[in-house]
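Report on one structure; see the data block that follows.
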Amino acid sequence: MSNLTINADRLLGRIQELGGIGRDAQGRLVRVAASDMDRLGRDRLVGWLEEAGLEVAIDRIGNIFGIWKDGANESQSPVMLGSHIDTVIDAGIYDGCYGVLAGLEAIESLKEAGFAPARPLVVAAFTNEEGVRFSPDMMGSLVFAGGRDLEEALASVGTDGTVLGKELERIGYAGKHEPGFLKPHAYVELHVEQGPVLEREGIAVGAVENLQGISWQRITIDGEANHAGTTPMSMRRDAGVAAAQVIGFLADRASASSTRTVATVGTMAFEPNAINVIPSRATFTIDLRDPDEMHLREMEAALVAILDKLAASAGVTVHAESLARFEPVTFDARIVSLIEDGARAAGLSCRRMTSG
């Protein structure tokens, strides 16, 4: 089996085909979780799983599994490969889909070569990994791993007012299996790089050794709306200016720090949102990440301090809502080493890196 290769044309063709499902009128790929376009993508994936002779199973949160097992290995816990097929708005065709379809291709190629695995092999497509329509992200895998209550997740209300559980029923992917009905021996995910490091350094493969901790928050700052032309600067309670101070503070602190903390303000909304009216309210989201839990907590504490300072000095009121919080994760060093060994055996350059 040392010279086994995959069917690259089949893999790339499937990636292109799946990437054509969910295009909007502007040609953007928009296949958000539990939508009609997600249903079409799921239907195509299930078709490929069935064509490969895999047993298809769907759990109650909508996660899809293609299972290859036989009588000789079915008592063993499986090795799982996978990712997700839901997308962000204006997505690329590889994010998530590459991991699912590459996992399928690996299993299919092994089957065709007559390989007899010691353990069952499973390819998984997890629900709502992106978190665009339903919050938080990574929901399907989180429920599967026991990190979030199933009923709470199914009751999640989307940005369009829909309920996740009802939408899964509507598109036909509210499965019967309880999340976690499969207990993987190991999990491996192939993913396109989520940043510029490998490309900039000219390295082919990144062996991910840990995931960053994540802190998502929604901040609401309330001030007072007034006329933009006749209200002196000294008399303003400007929610927009206060929001800008928070953004500048986070960017400056993260940039100046010797840690690997990163900070992002990804959404922003002003009220009343008029060019000639001082904003009475600013609502924005903050994404903080660091592979070190202590450093992440330090950044969270710094955010609390700047918000308290603004509330005391800028004439505004501030409310912070936690949307999601995940601690950093360190991966099994044995699997990381196997990935490095495999890359080198194939003549590919490799380095360890952080993801998330």
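For the sequence shown, numbering that gives the first Met the number 0 gives the first residue as 0, with consecutive numbering after it.
We put the beta carbon where it would ideally sit given N, CA and C, even for glycine.
> Which residues mark the beginning and the end of the alpha helix (DSSP H) in which glutamine 244 is found?
Replying inline: 238-255 is the extent of the alpha helix (DSSP H) around glutamine 244.
> Does the distance from the CB of threonine 260 to the CB of leucine 295 come in under 8 angstroms?
Replying inline: Closer than 8 angstroms, so yes.
>> In whole angstroms, give me the CA-to-CA distance for glycine 179 and phenylalanine 325.
In response: Glycine 179 and phenylalanine 325 have their C-alpha atoms roughly 19 angstroms apart.
>> Within a Cβ cutoff of 7 angstroms, which residues of the same chain sit near aspartate 23, ignoring the five residues on either side of it in sequence?
In response: So the list reads Val29, once near-sequence residues are dropped.
> Mapping DSSP to helix, strand and coil, what is glutamate 208?
Replying inline: Per DSSP, reduced to three states, the secondary structure at glutamate 208 is strand.
> Bridge partners of cysteine 349, per DSSP?
Replying inline: For cysteine 349, which the question treats as bridged, DSSP gives the partners Val204.
>> Could you give the first and the last residue of the continuous alpha helix (DSSP H) run that contains valine 99?
In response: Its alpha helix (DSSP H) spans residues 96-111.
>> For methionine 298, report the span of its alpha helix (DSSP H) as first-last.
In response: Segment 292-312, the alpha helix (DSSP H) holding methionine 298.
>> What residue range does the beta strand (DSSP E) around phenylalanine 64 cover?
In response: Per DSSP, phenylalanine 64 belongs to the beta strand (DSSP E) from 63-67.
>> Classify histidine 83: buried if its beta carbon has 16 or more other beta carbons within 10 angstroms, exposed otherwise.
In response: Under this definition histidine 83 is a buried residue.
> Which first and last residues belong to the alpha helix (DSSP H) in which leucine 53 is found?
Replying inline: Premise fails: leucine 53 is in no alpha helix (DSSP H) and is neither H nor E.
>> At 4 residues or longer, what runs of the alpha helix (DSSP H) sit wholly inside the stretch 133-162?
In response: 138-143, 149-153, all fully within the stretch 133-162.
> Can you tell which of Gly21, Lys68, Ala33, Leu17 has its C-alpha closest to the C-alpha of tryptophan 47?
Replying inline: Tryptophan 47 has its Cα closest to that of Leu17, out of Gly21, Lys68, Ala33, Leu17.
> According to DSSP, which residues form a beta bridge with methionine 267?
Replying inline: Methionine 267 is bridged to Phe283.
> Can you tell which of Leu197, Phe133, Val87, Leu10 has the C-alpha that lies nearest to the C-alpha of isoleucine 384?
Replying inline: Residue 384 lies beyond the residue range present for the chain, which begins at 0 and ends at 355; the question has no answer from this structure.
> Touching or not, the stretch 249-256 and the stretch 208-222, by the rule of three or more beta carbon pairs under 8 angstroms?
Replying inline: No, they do not touch.
>> Classify glycine 194: buried if its beta carbon has 16 or more other beta carbons within 10 angstroms, exposed otherwise.
In response: By the neighbour-count criterion, in which 16 or more other beta carbons inside 10 Å mark a residue as buried, glycine 194 falls on the exposed side.
> How many angstroms separate the CA atom of alanine 112 from the CA atom of leucine 53?
Replying inline: So the alpha carbons of these two residues sit roughly 15 angstroms apart.
> Would you report the Cα separation of alanine 242 and glycine 160, rounded to the nearest angstrom?
Replying inline: In a straight line, the C-alpha of alanine 242 is about 27 angstroms away from that of glycine 160.
>> For serine 140 and methionine 352, what's the separation of their Cα atoms in angstroms?
In response: Going from the Cα of serine 140 to the Cα of methionine 352 covers about 22 angstroms.
>> Tell me which residue opens and which closes the alpha helix (DSSP H) that arginine 9 is part of.
In response: That run of the alpha helix (DSSP H) goes 7-18.
> DSSP state of valine 31, grouped into three classes?
Replying inline: If DSSP states are grouped into helix, strand and coil, valine 31 belongs with coil.
> Which residues share a DSSP beta bridge with glutamine 216?
Replying inline: DSSP lists Ile285, Ser321 as the beta-bridge partner residues of glutamine 216.
> Do we get a CB-CB distance below 8 angstroms when we pair alanine 262 with the residues of chain D?
Replying inline: Absent from the structure is chain D; it holds one protein chain and no more.
> For leucine 3, which three-state DSSP category applies?
Replying inline: In this structure, leucine 3 counts as coil in the three-state DSSP scheme.
> Measuring CB to CB, does leucine 109 end up less than 8 angstroms from isoleucine 14?
Replying inline: If you check the CB distance, leucine 109 and isoleucine 14 do not come in under 8 angstroms.
> For aspartate 221, which of helix, strand or coil comes out of DSSP?
Replying inline: Aspartate 221 falls in the strand class under three-state DSSP.
> In the DSSP assignment, what residue or residues form a beta bridge with serine 354?
Replying inline: BP columns for serine 354 point to Leu210.
> Quick one: any contact between the stretch 147-162 and the stretch 86-101, if contact means 3 or more CB pairs under 8 angstroms?
Replying inline: Proximity of the stretch 147-162 to the stretch 86-101 falls short of the contact definition, fewer than three beta-carbon pairs being nearer than 8 angstroms.
>> Given a cut-off of 8 angstroms on the beta-carbon distance, is the pair valine 45 and valine 31 in contact?
In response: It is not a contact, given that the beta carbons lie outside the stated cut-off.
> Going straight from the alpha carbon of valine 207 to that of arginine 288, what length do you get?
Replying inline: In this structure, the alpha-carbon of valine 207 lies about 16 angstroms from that of arginine 288.
> Where does serine 82 fall in DSSP's three states?
Replying inline: It is a strand residue.
> Using a Cβ-Cβ cut-off of 6 angstroms (strictly less than) and excluding sequence neighbours within five positions of leucine 39, which residues of its own chain qualify?
Replying inline: Result list for leucine 39: Ile20, in chain order.
>> Given this structure, state the Cα-to-Cα distance separating isoleucine 170 from glycine 164, to the nearest angstrom.
In response: C-alpha separation (whole angstroms): 10 angstroms.
>> Below 8 angstroms on the Cβ atoms is my contact criterion, and I expect alanine 224 with valine 276 to pass it. Report the Cβ-Cβ distance as a whole number of Å.
In response: Yes, alanine 224 and valine 276 are in contact; Cβ-Cβ is about 5 angstroms, under 8 angstroms.
> Can you tell which of Ser279, Ile274, Glu297 has its C-alpha closest to the C-alpha of alanine 262?
Replying inline: Nearest of Ser279, Ile274, Glu297 to alanine 262, Cα basis: Glu297.
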